[in-house]
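>
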Amino acid sequence: MRKELVYIILVNWNRWRDTIECLNSLKKLTYSNFKIVVIDNGSTDKSVVKLKKYSSLIKLILLGKNYGFSYANNIGIRWAIKNNAKYVLLLNNDTIVSPDLIDILVKSMHKYPSAGALGVKVYYYDQPDVLWFAGSFIDRYGEFPTHIGLGEVDKGQYDKICDIPFINGSAFFAKAEAIKKIGLLDERYFYMYEDADWTSRFLKAKYRCLYVPQAKIWHKVHSATGGKTPCWWYFDARSRLLWNKSYNPQRSFIRIVSPCLTSIIEDIRISILTKDPKYWLECWKKAFINWLARLIGIKDYLCGYYAECPKIVKNLCWLPLVFLLPQ
Numbered sequence: 014m015r016k017e018l019v020y021i022i023l024v025n026w027n028r029w030r031d032t033i034e035c036l037n038s039l040k041k042l043t044y045s046n047f048k049i050v051v052i053d054n055g056s057t058d059k060s061v062v063k064l065k066k067y068s069s070l071i072k073l074i075l076l077g078k079n080y081g082f083s084y085a086n087n088i089g090i091r092w093a094i095k096n097n098a099k100y101v102l103l104l105n106n107d108t109i110v111s112p113d114l115i116d117i118l119v120k121s122m123h124k125y126p127s128a129g130a131l132g133v134k135v136y137y138y139d140q141p142d143v144l145w146f147a148g149s150f151i152d153r154y155g156e157f158p159t160h161i162g163l164g165e166v167d168k169g170q171y172d173k174i175c176d177i178p179f180i181n182g183s184a185f186f187a188k189a190e191a192i193k194k195i196g197l198l199d200e201r202y203f204y205m206y207e208d209a210d211w212t213s214r215f216l217k218a219k220y221r222c223l224y225v226p227q228a229k230i231w232h233k234v235h236s237a238t239g240g241k242t243p244c245w246w247y248f249d250a251r252s253r254l255l256w257n258k259s260y261n262p263q264r265s266f267i268r269i270v271s272p273c274l275t276s277i278i279e280d281i282r283i284s285i286l287t288k289d290p291k292y293w294l295e296c297w298k299k300a301f302i303n304w305l306a307r308l309i310g311i312k313d314y315l316c317g318y319y320a321e322c323p324k325i326v327k328n329l330c331w332l333p334l335v336f337l338l339p340q
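Here my numbering runs 13 ahead of the position in the sequence shown, where the first position is 1.
1) I need the boundaries of the alpha helix (DSSP H) containing L254, first residue and last residue.
2) DSSP on L223, reduced to helix/strand/coil?
3) The beta strand (DSSP E) spanning T57 covers which residue range?
4) Mapping DSSP to helix, strand and coil, what is F157?
5) Taking Cβ positions only, does T242 come closer than 9 Å to chain D?
6) Let me confirm a value: V335 is counted as buried when at least 16 other C-beta atoms fall within 10 Å, else exposed. Which label applies?
7) Return helix, strand or coil for F266, following the three-state DSSP convention.
8) Within 10 angstroms of its Cβ, does P339 collect 16 or more other Cβ (buried), or is it exposed?
9) Starting from Y100 and walking both ways along the beta strand (DSSP E), at which residues does that stretch end?
10) Taking K99 and L18 to be in contact with their CB atoms under 8 Å, please state how far apart those CB atoms are, rounded to whole angstroms.
11) Looking at the structure shown, is Y137 part of a helix, part of a strand, or coil, going by DSSP?
12) Which residues in the same chain as S359 place their Cβ atom closer than 7 Å to its Cβ, once the five residues preceding and following it in sequence are excluded?
13) Could you round the C-beta distance between V225 and L163 to whole angstroms and report it? I think they count as a contact, below 8 Å.
14) Apply the 10 Å Cβ neighbour rule to S262 and answer buried if 16 or more other Cβ atoms are within range, or exposed otherwise.
15) Kindly provide the ranges of any beta strand (DSSP E) runs that are 3 or more residues long and lie completely inside the stretch 171-240, ordered along the chain.
16) Going straight from the alpha carbon of Y318 to that of G169, what length do you get?
17) Return the residue from the list I267, I325, R253 that minimises the CA-CA distance to T159.
18) With 16 as the cutoff for other CB atoms within 10 Å, does F179 come out buried or exposed?
19) For S183, does the count of other Cβ atoms within 10 angstroms reach 16, so buried, or fall short, so exposed?
20) Can you tell me whether G148 is buried or exposed, with buried defined as 16 or more other CB within 10 angstroms of its CB?
21) Provide the residue(s) that pair with A128 in DSSP beta bridges, ordered along the chain.
22) Where do the N-terminal and C-terminal ends of the alpha helix (DSSP H) with L36 fall, by residue?
23) Excluding the five sequence neighbours on either side, which residues of its own chain have a C-beta within less than 8 Å of the C-beta of D142, listed in chain order?
24) Is it buried or exposed for F186, if we count other Cβ within 10 angstroms and need 16 for buried?
25) How big is the Cα-Cα spacing for L337 and I161?
26) If you pair each beta-carbon of the stretch 92-112 with each one of the stretch 26-41, do three or more pairs fall below 8 Å?
27) Among the candidates A306, I230, S271, F215, whose CA atom is the shortest distance from the CA of D113?
28) Flag this pair as yes or no: are the beta carbons of I151 and L223 separated by less than 9 Å?
29) How big is the Cα-Cα spacing for S56 and R30?
Laid out in structure tokens, this is it:
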């Protein structure tokens with residue numbers, strides 16, 4: 014009997030080396046019936062040339078500009094459903110996977126027919142036994158999806174399949190029939206929180222969302238933005254507010270934004286604990302820049318701007334240190 018068709022969707026944006034490493038790991042999958050779609054999100058490096066060399070393995074779809082993570086994934090999801098996918102795996106391009114990943118996920122779907130989506134155990138790429146995601150919970154205020162096991166060495170402490178309120182988008186495995194019912198990713202989430210929103214919609218439609226620890230990947234965390242850059246903080250503030258508006262409307266706007274606005278105080282407090290004044294200045298500069306990025310993210314949320322990170326935020330990292338020094 015032929016195995017059910019799984020479509021794996023990767024989004025590439027100026028990270029062709031990561032994507033190719035991911036593709037090479039997917040070649041080792043033991044599941045026999047899968048196809049790969051790579052959406053290039055307007056890369057300006059050598060990505061297109063490099064990825065075209067993998068034309069025998071992938072369906073490559075080229076976008077003219079960076080339309081965001083959700084938009085690009087939706088292109089891939091539509092292609093998968095049009096071509097009779099039974100399941101869709103949204104996989105970050107900066108990951109590598111265990112060879113039995115798809116086998117385990119498909120078997121889990123059969124074992125738990127009420128499930129609409131599954132999440133996996135995620136390790137840090139450069140610390141292969143350290144967990145980044147091993148399930149989730151929503152914080153006590155109901156405001157923020159939070160990882161279980163973050164930074165812990167895996168000793169089997171999170172090895173039970175369980176229901177979770179949030180599936181991390183680095184590997185999001187879903188039934189095509191469920192996607193048809195709940196809809197595609199919300200494209201207002203240009204980057205971040207699109208996975209939290211999608212999970213919430215699966216749950217609202219009465220599908221179970223499960224954490225499957227036997228399915229494993231290794232992730233180069235935050236590589237898409239180069240780490241926790243001003244752009245990362247910008248999207249964190251903007252997308253966090255959008256998600257809370259949809260799923261936590263009882264919380265006041267001030268309560269949600271206050272951590273963004275007061276974080277600069279904590280960053281400066283931590284920097285003062287060191288004895289080197291030069292380090293203080295660098296820390297204060299970083300804290301101030303990140304605070305500005307969050308502030309712009311809040312402003313853009315209020316203005317209904319959900320497109321790419323604006324140039325003013327991208328240029329914050331070049332703010333000269335002298336700007337912060339007394340004249």
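Backbone N, C-alpha and C fix where the C-beta goes; we use that ideal spot for every residue, glycine too.
From the atom records:
1) In the sequence shown, the residue the question calls residue 254 occupies position 241. Unbroken alpha helix (DSSP H) run through L254: 243-260.
2) Here residue 223 is taken as the residue at index 210 of the sequence shown, counted from 1. It is a strand residue.
3) Your numbering for residue 57 matches position 44 in the sequence shown. Counting along the chain, T57 falls outside any beta strand (DSSP E), and DSSP gives it neither H nor E.
4) Taking the sequence shown and counting its residues from 1, one reaches residue 157 at position 144. In the structure shown, F157 sits in coil (DSSP, three-state: anything other than H, G, I, E or B).
5) Chain labels in this structure do not include chain D; a single protein chain is all it has.
6) Walking along the sequence shown from the start, residue 335 turns up at place 322. Unreliable placement is indicated for V335, whose pLDDT of 40 sits below 50; no coordinate value is reported for it.
7) Within the sequence shown, the letter at position 253 stands for residue 266. Note: F266 maps to helix in three-state DSSP.
8) Counting from one through the sequence shown, the residue named residue 339 turns up at place 326. Note that P339 scores a pLDDT of 40, beneath 50, so its modelled location is shaky and nothing firm can be said.
9) As a working note, residue 100 is residue 87 in the sequence shown. 100-104 is the span of the beta strand (DSSP E), which, as asked, contains Y100.
10) As a working note, residue 99 is residue 86 in the sequence shown. As a working note, residue 18 is residue 5 in the sequence shown. The C-beta distance from K99 to L18 rounds to 5 Å, short enough to fall under 8 Å.
11) By 1-based counting over the sequence shown, the position of residue 137 is 124. Here Y137 sits in strand by DSSP.
12) Any property of residue 359 remains undetermined from this structure, which presents the chain solely from 14 to 340.
13) By 1-based counting over the sequence shown, the position of residue 225 is 212. By 1-based counting over the sequence shown, the position of residue 163 is 150. V225 to L163, Cβ: 18 Å. No contact.
14) Walking along the sequence shown from the start, residue 262 turns up at place 249. The sequence shown places Pro at residue 262, rather than the Ser named in the question. Taking all protein chains in view, the Cβ of P262 is surrounded by fewer than 16 other Cβ atoms within 10 Å, so the residue is classified as exposed.
15) Every unbroken stretch of the beta strand (DSSP E) spanning 3 or more residues and falling wholly within the stretch 171-240 is given here in chain order: 184-188, 221-232.
16) Residue numbering aside, residue 318 sits at position 305 when the sequence shown is read from its first letter. Residue numbering aside, residue 169 sits at position 156 when the sequence shown is read from its first letter. The C-alpha of G169 is placed about 43 Å away from the C-alpha of Y318.
17) Translated into positions along the sequence shown, residue 159 becomes position 146. Nearest option by C-alpha distance: R253.
18) Position 166 of the sequence shown holds residue 179. By the neighbour-count rule (16 or more Cβ atoms within 10 Å), F179 is buried.
19) As a first step, residue 183 must be located in the sequence shown, where it is residue number 170. Counting Cβ neighbours within 10 Å, S183 comes out buried, since at least 16 surround it.
20) As a first step, residue 148 is located in the sequence shown; it is residue number 135 there, counting from the start. Burial call: buried.
21) Against the sequence shown, residue 128 aligns to sequence position 115. In DSSP, A128 forms a bridge with R221.
22) Counting from one through the sequence shown, the residue named residue 36 turns up at place 23. For L36, the enclosing alpha helix (DSSP H) stretches over residues 29-39.
23) As a first step, residue 142 is located in the sequence shown; it is residue number 129 there, counting from the start. Taken in chain order, the residues that qualify are Y136, V166, D167.
24) Translated into the one-based positions of the sequence shown, residue 186 becomes position 173. That one is buried.
25) As a working mapping, residue 337 is identified with position 324 in the sequence shown. As a working mapping, residue 161 is identified with position 148 in the sequence shown. Unreliable positioning characterises L337 in this predicted model, as indicated by a pLDDT of 42, which lies under 50. A coordinate reading is not provided.
26) Taking a cut-off of 8 Å for Cβ pairs, the stretch 92-112 and the stretch 26-41 touch, as three or more such pairs fall below it.
27) What you label residue 113 is simply residue 100 of the sequence shown in a count that begins at 1. By alpha-carbon distance to D113, the top candidate from A306, I230, S271, F215 is I230.
28) For the purposes of this step, residue 151 is taken as residue 138 along the sequence shown, with counting starting at 1. For the purposes of this step, residue 223 is taken as residue 210 along the sequence shown, with counting starting at 1. Contact: no.
29) Translated into the one-based positions of the sequence shown, residue 56 becomes position 43. Translated into the one-based positions of the sequence shown, residue 30 becomes position 17. Whole-angstrom Cα-Cα distance: 13 Å.
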